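S.K.: Let me give you the structure first, and then I'll get to my questions.
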Amino acid sequence: MEVQQALGLQNPSDLVDTIRGSDVRLILCGHFHLQIFGFLETVPVWVTPGVVSRVDLTAAPRTERAVRGASATLVQLGAHGPLFHTLHARDPQAGETVYELDEQQLRSVIDELGPGA
């Protein structure tokens, strides 16, 4: 999603240089309202889902819709690597729309908060 690319880590190579050769085994982050997993070189990166809402990936391209859906992550640090458990809250209103941004509104958010802002 364009918004995650625009508002995400802007200089990943700086972070890589900082943690390379260290004992960092995991990078935890959040506030994308999505659960995302990846690697920064060999270090796993986990983005925990939103604690109130989550982004609905079925929204039209270049728009954003969020729905109710509280979640959290339980991380177990084991000898062979981390294990992630996503916990979803029981909510009878889960899936209801919290907000919708059309293309112009989303562009405004990116322009206001993105690189160079």
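Residue numbering for the sequence shown is 148 to 264, as defined by my numbering.
C-beta: ideal position from N, C-alpha, C; glycine also.
Remember, predicted model here, so these are calculated numbers, not experimental data.
Can you confirm whether the stretch 179–192 touches the stretch 227–241 when touching is taken to mean that 3 or more C-beta pairs between the two stretches lie within less than 8 Å?
M.R.: Segments in contact, yes.
S.K.: With distances taken Cα to Cα, identify the nearest neighbour of residue 212 among 155, 202 and 250.
M.R.: Locating residue 212 in the sequence shown gives position 65, counting from the first residue. The candidate whose alpha carbon is nearest that of residue 212 is 202.
S.K.: According to the Cβ coordinates, are residue 253 and residue 190 closer than 9 Å?
M.R.: Residue mapping note: residue 253 aligns to position 106 of the sequence shown, counting from 1. Residue mapping note: residue 190 aligns to position 43 of the sequence shown, counting from 1. In this structure, residue 190 does not lie closer than 9 Å to residue 253 by Cβ.
S.K.: Who does residue 149 pair with in a DSSP beta bridge?
M.R.: Your numbering for residue 149 matches position 2 in the sequence shown. Answer is none; residue 149 lacks a bridge partner.
S.K.: So, helix, strand or coil for residue 243, using DSSP?
M.R.: Counting from 1 along the sequence shown, the entry for residue 243 is found at position 96. Assignment of residue 243 by DSSP, reduced to helix, strand and coil, places it in the coil class.
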